[in-house]
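**Q** Would you mind keeping the following structure in view while I ask a few things?
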Amino acid sequence: EQCPLIITESDVRRVFKRVNTRNTAGPDGICGRVLKACADQLAPVFIDIFNISLTLDTVPSSFKQSTIVPVPKKLRASGLNDYRPVALTSVVMKCFEKLVRDFITSSLPASMDPLQFAYCRNHSTDDAIAHLLHTTLTQLDKGREPQWRVYLGVLISQDLSWSCDTNSLPKKARQHIYHLRCLRDFRLPCKVLQNFYTCAIESILMRNMTAWFGNSTKQDRQAVQRVVRSAEHNLYGTS
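This note's numbering numbers the first residue of the sequence shown as 10 and each following residue consecutively.
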């Protein structure tokens, strides 16, 4: 099956010419200055590597390696605690990731939830934090105390119950069914669909399950089962 994403030579040349020349080389020894200066010469070489990687659904092992470098936290480091580890990854792999990311973000529908900050162009998790802070402060300015808080994606009410969180989990997981269906329509291999289900849907449903499952209602469990059945239909069923 043909991969829906086919990278062109102009795409590779464009992303290479935008590389920050101050980027330190990873384990492959290819620094950002080389990629930017030799973009026209290197683009025809890496276009084949990138497209073969997409076709085979395999990332070259050299792209996944990193070099850990200790960086001092202060001017005069006297012990191990005065250093922090920094992972130097392949600059080529970062360019590859940008090409795939641009394809994914350009495929997202305009009807997505406006509060979906991740994986959206010109949005980031900082926007989510700013929105949450603004909402909380607005409630406090009106003399109202927010009835719940969000900590690391978990909804906890004032009575420390999990009802808000258990109700939100199936809704969050169901939002990714659309993306699973799009990937299936792109005729991606079943292995890719299974990986997406595990990372984007199952991980949401399984999050903190040991804490909330014992107090969940029959309706909560049925809602989770409906999401799983819908995902299985898109994974193995017919369109």
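Heads up, the beta-carbon is just placed ideally off N, CA and C, and yes, glycines get one too.
1) Please give the ranges of any alpha helix (DSSP H) in the segment 131 to 157, keeping only runs that are unbroken, at least 4 residues long and fully inside the region.
2) Taking DSSP as the reference, what is the three-state secondary structure of leucine 169?
3) Enumerate, from N- to C-terminal direction, the unbroken beta strand (DSSP E) stretches of 3 or more residues contained entirely within the segment 75 to 124.
4) Classify cysteine 104: buried if its beta carbon has 16 or more other beta carbons within 10 angstroms, exposed otherwise.
5) Please report the Cβ distance between valine 24 and lysine 107, rounded to the nearest whole angstrom; I am assuming they are in contact, meaning their Cβ atoms lie under 8 Å.
6) Nearest to arginine 22 by CA position, among Pro94, Pro36, Asp37, Gly41, is which residue?
7) Taking the alpha-carbon positions, what's the asparagine 204 to arginine 31 distance?
8) Tell me which residue opens and which closes the alpha helix (DSSP H) that serine 212 is part of.
9) Could you check how far apart the C-beta atoms of phenylalanine 72 and valine 54 are, in whole angstroms? I think they sit under 8 Å.
10) Within 10 angstroms of its Cβ, does serine 75 collect 16 or more other Cβ (buried), or is it exposed?
11) Could you say which of Leu65, Ala96, Pro81 lies nearest to threonine 33 if we only look at CA atoms?
12) Using C-beta distances below 7 Å, list every residue in its chain close to tyrosine 206, excluding the 5 sequence neighbours before and after it, in chain order.
**A** Put simply:
1) The segment 131 to 157 contains these whole alpha helix (DSSP H) runs: 134 to 150.
2) Because the pLDDT of leucine 169 is 47, which lies under 50, any placement of that residue in the model is unreliable, and the number read from its coordinates should be weighed accordingly. Coil, per DSSP.
3) You should have 75 to 81, 92 to 98.
4) Classification of cysteine 104: buried, given that the 10 Å Cβ count is 16 or more.
5) Correct: roughly 5 Å between the Cβ atoms.
6) Closest option to arginine 22, Cα to Cα, is Gly41.
7) About 34 Å.
8) That run of the alpha helix (DSSP H) goes 212 to 215.
9) The pair is not a contact, with the Cβ atoms about 14 Å apart (cut-off 8 Å).
10) Classification for serine 75: exposed.
11) Put simply, of Leu65, Ala96, Pro81 the residue whose alpha carbon is nearest the alpha carbon of threonine 33 is Ala96.
12) Excluding positions up to five away in sequence, the list reads Leu189, Ala240, Leu244.
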